[in-house]
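For reference, the structure discussed in these notes is given below.
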Amino acid sequence: MLRGLTVHQDERLHPDCLRYLAGYSEKVLDQVRELVAQGRLGEVLSRRYPAAHVIRTDRALYDFTLGLKNQYLRSSSPLGKVLYDTRITAERQALGLHSYQGLVQGARIRTRNEIRIASLFKSAPLEFLRMIVVHELAHLKEREHNKAFYQLCEHMEPDYYQLEFDVRLYLTLLEQGETLYGPAGPETTPASG
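If you count by the working numbering, then the sequence shown holds residues 4 to 196, one letter each, in order.
Okay, here's the thing in structure tokens:
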């Protein structure tokens, strides 16, 4: 994941600064600590992801999500709503939210699916947004985070695990008070990203 860094423990780092990386090996954590201490985490991420996406509106997000759903999950329940939500925060351990509601229509019960994405992804790389959307779409088929769920995520996004790690690095960067691109940032369209 991260290679070629000299590993040093830095006392200046808050002990909780890597909370998004809990569960990773001490070697990986040491490499991330080193990047944070040197102020290079943003540089590493911006080299890997040079531009933010342009999917800024709820309508654009809905169209993007529907495109992925139609490509990978044609037979799943329809999407009722997809939107950015300012109330979803990483501090509450959520980056996206999938909810469903059973609606009775005569003798039939219809499920209405809703996906909400944390608004911090409005100015993130397209790959990060795609990873979160793929994660929430996988809940249309698998409600629990089990082996089948993660296999479905990986089917829709082959780099799912690397992107998940990089999103965790991105959250760590944001927690340090830094941004990847600035307020507007360089942008890329879905076709070029």
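A virtual CB, placed ideally from N, CA and C, is assigned to each residue, including glycine.
Handout entry: Alpha carbon of P81 to alpha carbon of M159, nearest angstrom
Key = Straight-line measurement puts the Cα of M159 at about 17 Å from the Cα of P81.
Handout entry: Per-residue burial, I112 [other beta carbons within 10 Å of its own, 16 or more giving buried]
Key = Exposed.
Exercise for the section: Give the single residue among I135, S49, V47 whose Cα lies nearest to the Cα of Y87. Expected result: Y87 has its Cα closest to that of I135, out of I135, S49, V47.
Exercise for the section: Have a look at R171 and A121 and give me their C-alpha separation to the nearest angstrom. Expected result: The alpha-carbon of R171 is positioned some 14 Å away from that of A121.
Handout entry: Cutoff 7 Å; reference L143; Cβ partners in own chain excluding five residues on either side
Key = Cβ within range, chain order: L76, S79, S80, N116.
Problem - R119 versus G99, K125, V137, residue with shortest Cα-Cα distance - result: When the alpha-carbon of R119 is set against those of G99, K125, V137, the nearest one is in G99.
Practice task
Let me know if K30 comes out buried or exposed under the rule of 16 or more other beta-carbons within 10 Å of its beta-carbon.
Solution key: Exposed, by the Cβ-count rule.
Practice task
Check whether the Cβ atoms of V85 and T60 sit closer than 8 Å, and answer yes or no.
Solution key: No.
Exercise for the section: Output the residue ranges of the beta strand (DSSP E) runs that lie fully inside the segment 46 to 128 and measure 3 residues or longer, sorted by chain position. Expected result: As far as the segment 46 to 128 is concerned, its whole beta strand (DSSP E) runs of at least 3 residues are 82 to 88, 99 to 108, 111 to 121.
Practice task
Count the other C-beta atoms from every protein chain shown that fall within 10 angstroms of the C-beta of D169, then say buried if there are 16 or more, exposed otherwise.
Solution key: Label assigned to D169: buried.
Handout entry: Cβ distance (whole Å) where L32 is taken to contact T175 below 8 Å
Key = 11 Å between Cβ atoms; not a contact.
Practice task
Taking only the alpha-carbon atoms, compute the straight-line gap between L183 and F124 and give it to the nearest angstrom.
Solution key: About 11 Å.
Problem - Distance between beta carbons of H56 and L129, contact taken as under 8 Å - result: Rounded to whole angstroms, the Cβ separation of L129 and H56 is 4 Å, and the two are in contact under 8 Å.
Practice task
Would you mind stating whether L48 and V137 have Cβ atoms separated by less than 8 Å?
Solution key: Taking 8 Å as the Cβ cut-off, L48 and V137 do not qualify as a contacting pair.
Handout entry: CB contact check: K144 to chain C, cutoff 8 Å
Key = Looking at the structure shown, chain C is missing, and only one protein chain is on hand.
Exercise for the section: Would you mind giving the Cβ-Cβ distance between H101 and E147, rounded to the nearest angstrom? I have them listed as a contact below 8 Å. Expected result: Actually they are not in contact, since the Cβ atoms of H101 and E147 sit about 12 Å apart, beyond 8 Å.
Handout entry: Nearest-angstrom Cα separation, counted from Y65 out to D162
Key = Each residue's Cα considered, the two are about 22 Å apart.
Problem - Ranges of the alpha helix (DSSP H) found wholly within the segment 143 to 194, counting only runs of at least 4 - result: 150 to 159, 163 to 178, all fully within the segment 143 to 194.
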